[in-house]
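A.B. asks:
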Amino acid sequence: MAVERTLSIIKPDGLEKDIIGEVIGRFEDADLRPIAMRMTWLSRQEAEGFYAVHADQPFFDELIEFMTRGPVVLMVLEGENAIERNRMIMGATDPDEADEGTIRAEFATDIGENTVHGSDSPENAEKEIRYFFSDTDLYPDRAQE
Ligand code: CMP
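Each residue of the sequence shown is one higher than the last, beginning at 304 in our numbering.
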């Protein structure tokens, strides 16, 4: 299986619930290693650009309000089959449909405030990583002891 990279976002509700460490721990336990990380408060323009594909959806305004209501943590995760495995660890978009033990089943408030985002395909992972990070922000190789 291929080593992949995916974009992960811990959304404002995740920071409000003080579960940054819990979420990152789940990724590390699954050998999805953060190779880039930044806490930031998205501007309306950044959030609208990131979610442009949803611009016609009835929930778009609500989504942008939510994603700009507080800071988020942006991460690039690297690992075997990272895109699909990240989505399994997150659980379904709607926490009522998410499998037991997933991040969204345990922590999400509802389908809108669902704690985490993860890229859904290799093409989108590439695009989403580029949206927030440049090559010099990524640290895939770490010094060995
Ligand atoms: P995410 O994986 O970040 O991708 C798009 C986001 O839109 C999604 O998570 C939810 O936060 C939000 N979203 C999707 N469907 C709905 C909905 N029906 N109502 C409100 N928000 C939604």
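Glycine included, C-beta positions come from ideal geometry on N, C-alpha and C.
Taking 6 Å as the cut-off, is the beta-carbon of F353 closer than that to any non-hydrogen atom of ligand 1?
C.D. replies: Taking the sequence shown and counting its residues from 1, one reaches residue 353 at position 50. The answer is no for F353.
A.B. asks: If we count the other Cβ atoms within 10 Å of its Cβ and call it buried at 16 or more, is A428 buried or exposed?
C.D. replies: Residue mapping note: residue 428 aligns to position 125 of the sequence shown, counting from 1. It counts as buried.
A.B. asks: Using the C-alpha atoms, what's the distance from R336 back to N384?
C.D. replies: Start at 1 with the first residue of the sequence shown, and residue 384 comes out as number 81. Start at 1 with the first residue of the sequence shown, and residue 336 comes out as number 33. Answer to the nearest angstrom: the Cα atoms are 12 Å apart.
A.B. asks: How big is the Cα-Cα spacing for H420 and P361?
C.D. replies: As a working note, residue 420 is residue 117 in the sequence shown. As a working note, residue 361 is residue 58 in the sequence shown. Between H420 and P361, the C-alpha separation is close to 19 Å.
A.B. asks: Can you tell me the Cα-Cα spacing of Y434 and E365, whole angstroms?
C.D. replies: Working through the sequence shown from its first residue, we reach residue 434 at position 131. Working through the sequence shown from its first residue, we reach residue 365 at position 62. If I take the Cα positions, the gap works out to 21 Å.
A.B. asks: Counting C-beta neighbours from all protein chains within 10 Å, is the total for V376 16 or more, i.e. buried, or is it exposed?
C.D. replies: On the sequence shown, residue 376 is found 73 positions in, with the first residue counted as 1. Per the 10 Å Cβ criterion, buried.
A.B. asks: Report yes or no: do three or more beta-carbon pairs, one from the segment 317-329 and one from the segment 347-357, lie closer than 8 Å?
C.D. replies: Too few Cβ pairs lie closer than 8 Å, so no.
A.B. asks: Enumerate in chain order the residues of its own chain whose CB-to-CB distance from P374 is below 6 Å, with the five nearest sequence positions on each side excluded.
C.D. replies: Here residue 374 refers to the residue found at position 71 when the sequence shown is read from its first residue. Here the set comprises L318, M342 and W344.
A.B. asks: Can T371 be considered in contact with ligand 1, in the sense that its beta carbon sits closer than 6 Å to one or more heavy atoms?
C.D. replies: Along the sequence shown, one-based indexing puts residue 371 at 68. Flag unset: Cβ of T371 not near ligand 1.
A.B. asks: Cutting at 6 Å between CB atoms, please list the residues of its own chain near A411, excluding the five before and the five after it.
C.D. replies: In the sequence shown, the residue the question calls residue 411 occupies position 108. Correct list, in chain order: P398, N417 and T418.
A.B. asks: Please say whether V379 and A339 have beta carbons closer to each other than 7 Å?
C.D. replies: By one-based count along the sequence shown, residue 339 stands at place 36. By one-based count along the sequence shown, residue 379 stands at place 76. Their beta carbons are under 7 Å apart, which means A339 touches V379 by this criterion.
A.B. asks: Could you check the C-alpha separation between D423 and D438 for me, to the nearest Å?
C.D. replies: As a first step, residue 423 must be located in the sequence shown, where it is residue number 120. As a first step, residue 438 must be located in the sequence shown, where it is residue number 135. Whole-angstrom Cα-Cα distance: 21 Å.
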